[in-house]
Ligand SMILES: [Fe+2]
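In our numbering, the protein residues as written are 1 to 453.
Rendered as structure tokens:
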């Protein structure tokens, strides 16, 4: 383990040497001594020690408190004060610099050791907390969903996603007179009031509920809301997440309409969904049709029953339906995706599942869609399922999806050669892809290759 480096700041040479010796005896390294506040700042910058042991009263112009304030704010180095002066006024002044401990002169070695170790631990924890706060903040700021914190006196926080959804700027929202109630659709206010009252009476409520809002420019959006009570000690404070589900809602309504008209036949429902998707994203629709055909061929090669084959074909035709809720800019972005964008894309099986689960299919289409990015060794998403928990239909779709994606050109690469595709499936057979499915697919690919030769 690395020896802890401590910078000693003390203007009396003999005392300073004594402290240095005692620290070294305790197992610390003292790479330098500073005799004034000015020198302490310079040395802290050059040496970047793990901790500064600082005398409060120093001879020259800059006091220990001033030097400590510069060192801790500029270089994020913890300070422990070492002083004979412990009157309340001095302590008050020293407190402002948020020191990690005080040691009063004369002191015992044991006391120095405990104070330094505590200070280092507190500093490390503080840094970890700051890091996690930073990560959390960036997640919230970049979230596609609208996130807010509200109290009875108004908005306390709203993320950029809230502005994007409602059109209201954070400064406008945080003004006293702005009320969340005002943006709720008049017809949905009653429902929300009833929900709140039922919740107050202790009735069990669903985790999320839907309602409509009116944006600043008068448009109507449907949102799915999740609210959590985050008030402490009786304080009323609520954090809410609003997800824009307008597109999903429209797709569902279209589907339901077509269901009624088509006497709930699964095949027709899929066709309706496919054409709805085609209108929005022709590329995806083409991809899905090709995946469906290949999955169908693999299933047939494996000798599956006619009904299962039909289920696979249907799931294939709409397996990426969840992408309708992901911004097109991200789907077609030619450059590398950020962590948040990857997370958003990885949500599409779950969104697809939610869209499709309300439709009465005679096959487990929603489950197949949910699992089409799962991999045999658990490295897939969204659930990281292992082989025996994945439906055979989803395993077939997974292989068909990979093969189709590799054989189609992308904005950042050309279509891959059939030999490379065969290599990929062969190498990951039994690892990522189901062996039987991979073998059936390889048989089809080999046939195709010999035909083209
Ligand atoms: Fe997908």
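All C-beta atoms, glycine included, are put in the ideal place defined by N, C-alpha and C.
All of these numbers come straight from a predicted model, not from anything done at the bench.
Below 8 angstroms, enough C-beta pairs join the stretch 433 to 442 and the stretch 390 to 401 to call them touching: three or more.
The C-alpha of residue 415 is placed about 18 angstroms away from the C-alpha of residue 441. Here the C-alpha atom of residue 83 lies approximately 15 angstroms from the C-alpha atom of residue 109. Scanning 57, 151, 358 and 5 for the CA closest to the CA of residue 253 turns up 358.
The beta strand (DSSP E) runs of length 3 or more contained entirely in the stretch 70 to 94 are, from start to end of the chain, 79 to 83. Contact between the stretch 49 to 56 and the stretch 8 to 15 is present: 3 or more CB-CB pairs across the two stretches fall below 8 angstroms.
Of the other Cβ atoms in all chains shown, fewer than 16 fall within 10 Å of the Cβ of residue 76; this residue is therefore exposed.
Taking a cut-off of 7 angstroms from the heavy atoms of ligand 1, the residues with a C-beta inside it are 319, 320, 348, 349, 372, 373 and 401.
With the rule of 3 Cβ pairs closer than 8 angstroms, the stretch 214 to 231 counts as touching the stretch 157 to 169.
With contact defined as three or more Cβ pairs closer than 8 angstroms, the stretch 342 to 358 and the stretch 376 to 384 are in contact. Residue 106 has its alpha-carbon roughly 12 angstroms from the corresponding atom of residue 18.
Of the candidates 349, 314 and 334, the residue whose Cα lies closest to the Cα of residue 324 is 349. In this structure, the CA atom of residue 200 is about 42 angstroms from the CA atom of residue 98.
For residue 56, the number of other beta carbons within 10 angstroms of its own is at least 16, and it is reported as buried. Of all alpha-carbon atoms in 367, 136 and 387, the one lying nearest the alpha-carbon of residue 375 is that of 387.
Under the three-state reduction of DSSP, residue 31 is assigned to strand. Residue burial is scored here from C-beta neighbours: residue 182 has fewer than 16 other C-beta atoms within 10 angstroms and is therefore classed as exposed. Less than 8 angstroms divides the Cβ of residue 290 from the Cβ of residue 404. Secondary structure of residue 66 (DSSP, three-state): helix. In this structure, the beta-carbon distance from residue 79 to residue 41 does not fall below 8 angstroms. Taking C-beta atoms as the reference points, residue 30 and residue 43 fail to come closer than 8 angstroms. The three-state secondary structure of residue 159, taken from DSSP, is coil.
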